[in-house]
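In our numbering, the protein residues as written are 1018 to 1331.
Below is one structure, written out as structure tokens; comments come after it.
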Ligand code: RIB
């Protein structure tokens, strides 16, 4: 008899944003108009991307988010519905615009992103309380920094109170009160965010190791520091371990960090050992860079499983 996987519940409390991605050979100088190579319009936002990645990896996912009353708001909600993501707690805010992100991608696939938060800034602690029936059933709660900090603090303390595992992706980096967030189970910055938080530049894996240790010293219990093509570091009081990246030919790295987090949350919720969850998520993130866009570059679980069975691992 075929074994069926238990479906785990993940609640993502975070942003939904429209991504306007331009592919260009270089960036224009001040006052210069130039031609780009390609444009892509897609659904994004770190929260929404992480929710979609978790869903595609096999989790039941509920989203708590806010969109504007412009053309992108209803389209964003329909996108969640199409993906099978619960959106009882995704509401349209009168008079607000949906979040938007102009993204620039260079020929190496590297991205630069500007986020205009719009309706995401109206996701208050009260809005989270309205989602309590969904939150109480969650195996894992996932958060990022594209919503108000007071909401993040509220959710982190709520997660503790309810005994639900909580993952915080401090992206984009901003000045937060560490005492209010360090009880999260996993703190997952990338190198830019870790640099901003610790004040220590990261050029090498050794720099990253020192940075991960500083984050532990600041009181975080487990840190996963994502390093793009250099892989990922898993740090906890027992030590720091480096997992090299899976080699791929990258076209667009936008959303790769979100792919990592959504996938990691799913394998964590499934009860896989941390080391396996990190490596599977790392492969999922690498594979997402082969295609253009954020959510639209994420693959399904069966494709990930097939790649996982073929790839040599450390
Ligand atoms: O992490 C990538 C995401 O960052 C994009 O989808 C963009 O919307 C910004 O939130």
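Yeah, the Cβ is synthetic: ideal placement off N, Cα and C, and Gly gets one too.
*Taking C-alpha atoms, which residue in 1057, 1053, 1044 lies nearest to residue 1036?*
In terms of Cα proximity to residue 1036, the closest of 1057, 1053, 1044 is 1057.
*Would you mind giving the Cβ-Cβ distance between residue 1283 and residue 1076, rounded to the nearest angstrom? I have them listed as a contact below 8 Å.*
Rounded, the Cβ-Cβ distance is 4 Å, consistent with contact.
*asked:* Using DSSP's beta-bridge definition, name the partner residues of residue 1330.
replied: Paired residues: none, contrary to the question.
*Taking C-beta to C-beta, are residue 1028 and residue 1108 nearer than 9 Å?*
No, Cβ-Cβ distance for residue 1028 and residue 1108 is not below 9 Å.
*Which stretch, first to last residue, makes up the alpha helix (DSSP H) that contains residue 1161?*
Where residue 1161 is concerned, there is no enclosing alpha helix (DSSP H), although the beta strand (DSSP E) it sits in stretches over 1157-1161.
*asked:* By alpha-carbon positions, which one of 1142, 1309, 1071, 1248 ends up nearest to residue 1106?
replied: Check the Cα spacing between residue 1106 and each of 1142, 1309, 1071, 1248: the tightest is with 1142.
*If you compare alpha carbons, which of 1053, 1309, 1067, 1278 is closest to residue 1270?*
The shortest C-alpha separation from residue 1270 is found at 1309.
*If I'm right that residue 1034 touches residue 1145 with Cβ under 8 Å, what's the distance once you round it to whole angstroms?*
In this structure, residue 1034 and residue 1145 do not form a Cβ contact; the two beta carbons are roughly 19 Å apart against a cut-off of 8 Å.
*Short check: CB of residue 1253 to CB of residue 1266, under 9 Å?*
No, the Cβ-Cβ distance between residue 1253 and residue 1266 is not below 9 Å.
*Taking residue 1071 as the reference, give the member of 1328, 1304, 1279, 1157 with the closest Cα.*
For residue 1071, the nearest C-alpha among the options comes from 1279.
*Rounded to whole angstroms, what's the CA-CA distance from residue 1032 to residue 1327? Just pull it up for me.*
Answer to the nearest angstrom: the Cα atoms are 34 Å apart.
*Using CA coordinates, which residue listed in 1063, 1205, 1082, 1123 is at the minimum distance from residue 1045?*
Residue 1045 has its Cα closest to that of 1123, out of 1063, 1205, 1082, 1123.
_Using 8 Å for Cβ pairs, my map puts residue 1274 next to residue 1243. What's the rounded Cβ distance?_
About 6 Å; that satisfies the 8 Å criterion.
*Alpha carbon to alpha carbon, how far is residue 1187 from residue 1050? Give it in angstroms, no decimals.*
Rounded to whole angstroms, residue 1050 to residue 1187 spans 34 Å at the Cα level.
_CA-to-CA distance, residue 1078 to residue 1281, given in whole angstroms_ = Near 14 Å, if we compare the C-alpha coordinates of residue 1078 and residue 1281.
*Go through its chain and collect everything with a Cβ distance to residue 1067's Cβ below 6 Å, but skip five positions before and after it.*
Same-chain partners within the cutoff: 1029, 1159, 1275, 1278, 1279.
_Same chain, Cβ closer than 7 Å to residue 1200, five either side skipped, listed in chain order_ = Excluding the 5 residues flanking it on each side, residue 1200 has same chain C-beta neighbours closer than 7 Å at 1173, 1177, in chain order.
*Would you call residue 1290 buried or exposed, if buried means 16 or more other Cβ atoms sit within 10 Å of its Cβ?*
By the C-beta density criterion, residue 1290 is exposed, having fewer than 16 other C-beta atoms within 10 angstroms.
_DSSP three-state label for residue 1280, please._
Three-state result, residue 1280: helix.
*Using only alpha-carbon positions, find the residue among 1153, 1135, 1088 that is nearest to residue 1026.*
Residue 1153 is the option with its Cα nearest to residue 1026.
_Going by beta-carbon coordinates alone, are residue 1333 and residue 1064 separated by less than 9 Å?_
Not covered by the structure: residue 1333. The range shown for the chain is 1018 to 1331.
*Bounding residues of the beta strand (DSSP E) (the contiguous stretch that carries residue 1332)*: Outside the shown range of the chain (1018 to 1331) lies residue 1332, about which nothing can therefore be said.
*asked:* Contact defined as beta carbons within less than 8 Å: I believe residue 1163 pairs with residue 1134. What is the distance between those atoms, to the nearest angstrom?
replied: Cβ atoms of residue 1163 and residue 1134 come within 8 Å of each other, at about 6 Å.
*Within the same chain, show all residues whose beta-carbon is closer than 6 Å to that of residue 1213, passing over the 5 residues directly before and after it, in chain order.*
1190.
*Can you tell me whether residue 1131 is buried or exposed, with buried defined as 16 or more other CB within 10 angstroms of its CB?*
So residue 1131 ends up on the exposed side.
*Helix, strand or coil for residue 1119, going by three-state DSSP, please let me know.*
Secondary structure of residue 1119 (DSSP, three-state): strand.
*Please state whether DSSP places residue 1322 in a helix, a strand or coil.*
Looking at residue 1322 - three-state DSSP - the assignment turns out to be helix.
_Alpha-carbon to alpha-carbon, residue 1232 and residue 1285_ = So the alpha carbons of these two residues sit roughly 21 Å apart.
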